[in-house]
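In our numbering, the protein residues as written are 13 to 146.
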C-alpha cells in the first residue's frame, strides 16, 4: 500500500524563511530555510491514510490537520526543500503500513510457577534478615 499513493506538487505549500542558528552575516540576509505545509483533509491521499495521519500523535500535525515541517539543516534552499519533502514522505510512509493485529496471549503454566517460586525464595531471603532473638 506504500506505493499506492502519490502527492501532487500543488497540494504542498512551500515558504522560504530565514534560518536560525550560526551562519554569520549570511543568515541575516538570505532566506534559505523552508516551511512545508501539507493539508491532510484537502489532500488526494486515500481515506484510510488520511484517518491514520490525523490520529497520529505527531507534534508536526496541527489541530486543523495540517502537517508543518521546518527544514533548515542546509545552507541551500533546494536542499532544504528536498529534505522537507523527504520528511513528509517519511511521515506518510509510516502510516501506510498497516500494523499487525495483536492476539492476546497468556503466560504458560510453568512460567507462572517459576515466577512464584522465585518470589517465594526472595521473600524467605529477606525474612531471614530480621532481628535475631536469643
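Beta carbons: idealized from backbone N, C-alpha and C, even for Gly.
CB contact flag (residue i, residue j, <9 angstroms)
i	j	result
residue 100	residue 28	no
residue 73	residue 104	no
residue 55	residue 19	yes
residue 127	residue 116	no
Nonlocal neighbours in the same chain, by C-beta distance under 6 angstroms from residue i, ignoring five residues either side
i	result
residue 30	43
residue 140	none
Range of the contiguous alpha helix (DSSP H) that encloses residue i
i	result
residue 129	121-139
Same chain only: Cβ atoms within 7 angstroms of residue i, ignoring 5 sequence neighbours per side
i	result
residue 85	92 and 95
residue 77	51, 52, 53 and 66
residue 68	107
residue 64	107
Own chain partners of residue i with C-beta closer than 8 angstroms, once the 5 adjacent residues on each side are dropped
i	result
residue 24	48, 49, 50, 97 and 100
residue 143	none
Whole-number beta carbon distance between residue j and residue i, since they are thought to touch under 8 angstroms
i	j	result
residue 61	residue 107	6 angstroms
residue 135	residue 83	So it is not a contact: roughly 57 angstroms between Cβ atoms.
Chain B contact for residue i (CB, 9 angstroms cutoff)
i	result
residue 139	Included in the structure is just one protein chain, with no chain B present.
Near the ligand PLP: residue i beta-carbon under 8 angstroms from a heavy atom
i	result
residue 60	No copy of the ligand PLP occurs in the structure displayed, which carries no ligand at all.
Worksheet entry | Complete runs of the alpha helix (DSSP H) confined to the stretch 30-103 [at least 4 residues] | Whole alpha helix (DSSP H) segments, 4+ residues: 38-41 and 59-67.
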